[in-house]
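Only one structure is covered here, and it is reproduced in the block below.
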Amino acid sequence: MKTLSPNAALCLRKLPAKTLYHLHTAYLFSCSDLEAIVIAPFIFALLASQAAPLLSMGDPPCSMPILLRVPQMIIWSWSGLLLFNLHNQRHRQSVEEDAVNKPWRPIPSGRLTSEQATVVLLCLYPLNFIVSLAVGGLVPLAVVTTFSVWNNEFQDRSGGFLKNLHNGMGITAFLAGPLEIATGNSIFGGQATAAGWLGVIAMTITCTIHVQDLRDMEGDAVAGKRTIPILMGEMNARLFVALGVAFWSAFGCWFWDTWMEGILMAGLGLTLISNMVGIRTRAGDRLSYRLWAPWLLALALLPYMKSLRWGQ
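Numbering of the sequence shown is given in my numbering, commencing with residue 203 and proceeding in unit increments.
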């Protein structure tokens, strides 16, 4: 019986530690966005799938099938997020900014080089495609990939409304993928109600996502970034977000006829508007962005709230 050489045995002993090291590196690439891009869409898909008939996506999945799909939803979201972050963090300008603001990220901390990150990125394309073929969410993956390339490789400094549109389409695709996996059906199935509603969510994000840019207007101005608050002026940008929150909240309630069920969402929206307009400090702006995410999730889940009323 052949025995392993000392070098081979040493490599095997180091394998668990190396695996954990590389997994931690992947986590560091994406940890800043896990809450918004993995956890929130997972919650959305889990609940919205119970409103599948209202969304023209078939019958609501039973408990056991949807539990079995939980790892698939998380892997799909995380692999898409990793692809976006690899595109975003591998460029020289991003590395220089991260060295100052986020030195723990993998490239500025020396865990891997920009060239190695590019190799990982190229390997991730076919892997993500195979994952989507196996579990679903192929069209949303195509949208995520397209906007990852466009936003980071060609239009990184476009700024303004175009940046908002990129965010709107990209974040909505991260909602659509797990929803397709949870229900086992395409958002374009039936009467395409799900696609129409997610289109509304994309426009909502496009009109309000610059709430995140209020937190660092000074830094963005120094870096030469063309964000909505810089282009429109701070107060105009605040009013634009406030009007967007009010309009899309009302539109969502009209779309689903959920005026009573939308009370929680409306309350979150009113709190967001009051904080953003009333507390015009950078600390207040950071709180506004934290309030924006639960308001958006509550808005996106209006069909689920309606399904509770009708038992559908």
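Every residue gets a Cβ at the ideal spot worked out from N, C-alpha and C, and that includes glycine.
- Taking 7 Å as the cut-off, the Cβ atoms of residue 413 and residue 491 count as close.
- Relative to residue 467, the option among 479, 261, 454 whose CA is nearest is 454.
- Membership of residue 365 in the alpha helix (DSSP H) is indicated by the continuous run 362-385.
- Taking residue 232 as the centre and dropping the five residues before and after it, the same chain places the C-beta of 283, 284, 287 closer than 6 Å to its C-beta, in chain order.
- Bounds of the alpha helix (DSSP H) holding residue 465 are 465-480.
- At least 7 Å separates the beta-carbon of residue 346 from that of residue 384.
- In the structure shown, residue 293 falls within a coil segment according to DSSP collapsed to helix, strand and coil.
- Annotated three-state conformation of residue 261 is coil, per DSSP.
- When rounded, the separation of the alpha-carbon atoms in residue 356 and residue 240 is 25 Å.
- Sorting 242, 476, 234 by C-alpha distance to the C-alpha of residue 373 places 242 at the top.
- Taking the Cβ atoms as the reference, residue 377 lies roughly 16 Å from residue 457, outside the contact range of under 8 Å.
- By the CB criterion at 7 Å, residue 353 and residue 368 fall inside the cutoff.
- Boundaries of the alpha helix (DSSP H) harbouring residue 244: 242-250, taken from the DSSP string.
- For residue 461, there is no enclosing alpha helix (DSSP H), as DSSP marks it with neither H nor E.
- Counting every other CB atom within 10 Å of its CB across the protein chains shown gives residue 399 a total of 16 or more, marking it as buried.
- The DSSP-derived three-state label of residue 486 is helix.
- The C-alpha of residue 252 lies about 43 Å from the C-alpha of residue 316.
- The Cβ atoms of residue 379 and residue 278 sit closer than 7 Å to each other.
- The straight-line gap separating the alpha-carbon atoms of residue 489 and residue 365 is approximately 22 Å.
- Membership of residue 349 in the alpha helix (DSSP H) is indicated by the continuous run 340-351.
- Using a Cβ distance threshold of 7 Å, residue 350 and residue 343 do not count as a contacting pair.
- Taking a 10 Å sphere around the C-beta of residue 439, we find 16 or more other C-beta atoms and assign the residue as buried.
- Linking residue 250 to residue 506 through their CA atoms gives a straight-line distance of about 5 Å.
- Just measuring C-alpha positions, the residue of 495, 390, 268 sitting nearest residue 237 is 495.
- Using a 10 angstroms sphere on the CB of residue 330, the tally of other CB atoms reaches 16 or more, which defines it as buried.
- Annotation: residue 475 to residue 336 spans about 42 Å, alpha carbon to alpha carbon.
- For the set 370, 416, 259, the Cα lying nearest the Cα of residue 404 is the one of 370.
- Its Cα nearest to that of residue 500, the residue 447 stands out among 486, 478, 481, 447.
- In the three-state scheme derived from DSSP, where H, G and I count as helix and E and B as strand, residue 280 is classed as helix.
- For residue 479, same chain residues with a beta-carbon under 8 Å away, outside a window of 5 residues either side, are 440, 441, 444 in chain order.
- Residue environment: residue 469 is assigned as exposed (fewer than 16 neighbouring CB atoms within 10 Å of its CB, all protein chains considered).
- For residue 397, the enclosing alpha helix (DSSP H) starts and ends at 395-410.
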